[in-house]
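This report concerns only the one structure given below.
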Amino acid sequence: MIATLSDIESMEKSFRTNLINHLSGGKAVHLLGTFNKHGQSNLAIFSNVIHVGANPAMIGILFRPVLNDSHSYKNIQANKRFTLNQIPASMVQAAHQTSARYPSNTSEFEACGIEEEIIPEFEGPFVKNSLVKMGLIWEEEHVIKTNQTILIVGKIQYISVEDSILLPDGHIDLEKAQSVSAGGLDSYYQLNKVAQFPYAKVSADASHEPRRNS
474 MIATLSDIES
484 MEKSFRTNLI
494 NHLSGGKAVH
504 LLGTFNKHGQ
514 SNLAIFSNVI
524 HVGANPAMIG
534 ILFRPVLNDS
544 HSYKNIQANK
554 RFTLNQIPAS
564 MVQAAHQTSA
574 RYPSNTSEFE
584 ACGIEEEIIP
594 EFEGPFVKNS
604 LVKMGLIWEE
614 EHVIKTNQTI
624 LIVGKIQYIS
634 VEDSILLPDG
644 HIDLEKAQSV
654 SAGGLDSYYQ
664 LNKVAQFPYA
674 KVSADASHEP
684 RRNS
């Protein structure tokens, strides 16, 4: 298939949505946990999660512009705290179910059969069976002018990684963790490690190393 701008704009809506959502490839998928101002827990699946920086340690999350029913966004605005929990393949169906439009007084933990975990080190609801979890505080946010999508940047305050998948050099064995990625809005894939290479340089005696993100 070859599509120009006019072809894209004339596509049937659901086809275009699926196509564009798949073009960026597999995306890291997490369950985002929050508390509302009454202490009610909320859980929602997010695939628009990106690494922002390692020092300071920050993660970005992209929110769609329709925010009237976005409990996660409202809770982050109210409390400035949230959790991100990687999803193992064993719980992907329950995780996907959190995307349903539950009422604000319903906890997706309970509605979707996902066990909630509360820890003393960080005030936020975690997913107990997740092997990689983060607690973050709101740092800043930006509105994408073209479509009013909102990018929230969170600063990592707490990390929990299962010892069995944490390697001595700081890498996390995502294959052993059975972490899943998302393709589009409703398809999920399991990760398999293809290769690992040393830090790339132009030559052994090059004076300038290649630029790369932190």
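In short: position in the sequence shown from 1, add 473, done, that's the numbering used here.
Backbone N, C-alpha and C define an ideal beta-carbon position, used for all residues, glycine too.
In this text the structure is predicted, and so the values were computed from the model without any measurement.
- Under the DSSP definition of a beta bridge, His615 partners with Leu624.
- Nearest to Gln630 by C-alpha distance, out of Trp611, Ile481, Gly643 and Asn552, is Trp611.
- By the C-beta density criterion, Thr619 is exposed, having fewer than 16 other C-beta atoms within 10 angstroms.
- By the neighbour-count criterion, in which 16 or more other beta carbons inside 10 Å mark a residue as buried, Ile534 falls on the buried side.
- By the C-beta density criterion, Gly643 is exposed, having fewer than 16 other C-beta atoms within 10 angstroms.
- Counted as a single uninterrupted DSSP element, the alpha helix (DSSP H) harbouring His569 occupies residues Val565 to Gln570.
- Along the length of the stretch 527-593, whole alpha helix (DSSP H) runs at least 4 residues long occupy 544-552, 565-570 and 581-584, reported in chain order.
- Around the CB of Glu581, 16 or more other CB atoms lie within 10 Å, so the residue is classed as buried.
- Put simply, of Thr571, Asp542, Lys674 and Ile475 the residue whose alpha carbon is nearest the alpha carbon of Asp659 is Thr571.
- For His495, the secondary structure class from DSSP, reduced to helix, strand or coil, is helix.
- Of all alpha-carbon atoms in Ala517, Phe536 and Lys510, the one lying nearest the alpha-carbon of His615 is that of Phe536.
- A distance below 8 Å between beta-carbons, with the five flanking residues on each side excluded, links Phe508 to the following residues of its chain, in chain order: Ser514, Asn515, Asn548, Asn552, Arg554, Glu596, Gly597 and Pro598.
- For Ser603, the secondary structure class from DSSP, reduced to helix, strand or coil, is coil.
- When Cβ pairs closer than 8 Å are counted between the two stretches, the stretch 495-512 is seen to touch the stretch 638-657, the count reaching three or more.
- Its Cα nearest to that of Ile532, the residue Val626 stands out among Ala568, Thr579 and Val626.
- In this structure, Asn558 is the residue among His569, Leu478, Asn558 and Val565 with its C-alpha nearest to the C-alpha of Val605.
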